[in-house]
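Residue numbers (the working numbering): 157 to 226.
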């Protein structure tokens, strides 16, 4: 899918409808902008509930301690 948008005089960009619908983005949703070279990666900020359990099964042995840091 190729979609374009124009930066307004108020430095705003409207996300094309096709992109919003494909990504299931809603009005009021919060986004983060991550610089990537000459561009920017736009990602929705996850809800706290979406992050629950993300570290289940993570290894806890051999973790660095503050004393190990420089």
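For glycine and all other residues, C-beta sits at the position ideal for the given N, C-alpha and C. Note that this is a predicted model, so its numbers are computed, not measured.
Rounded to the nearest angstrom, the Cβ distance from residue 171 to residue 181 is 7 Å, consistent with a contact under 8 Å. If you draw a straight line from the Cα of residue 208 to the Cα of residue 158, it comes to about 34 Å. In the three-state DSSP reduction, residue 173 falls in the helix class (H, G or I). Cα atoms of residue 165 and residue 213: separation of roughly 49 Å, rounded to the nearest angstrom.
Straight through space, the alpha carbons of residue 204 and residue 211 are spaced by roughly 13 Å.
Secondary structure at residue 197: strand, using DSSP grouped into helix, strand and coil. Contact check for residue 186 and residue 201: beta-carbon distance about 4 Å, within the 8 Å limit, so the pair qualifies.
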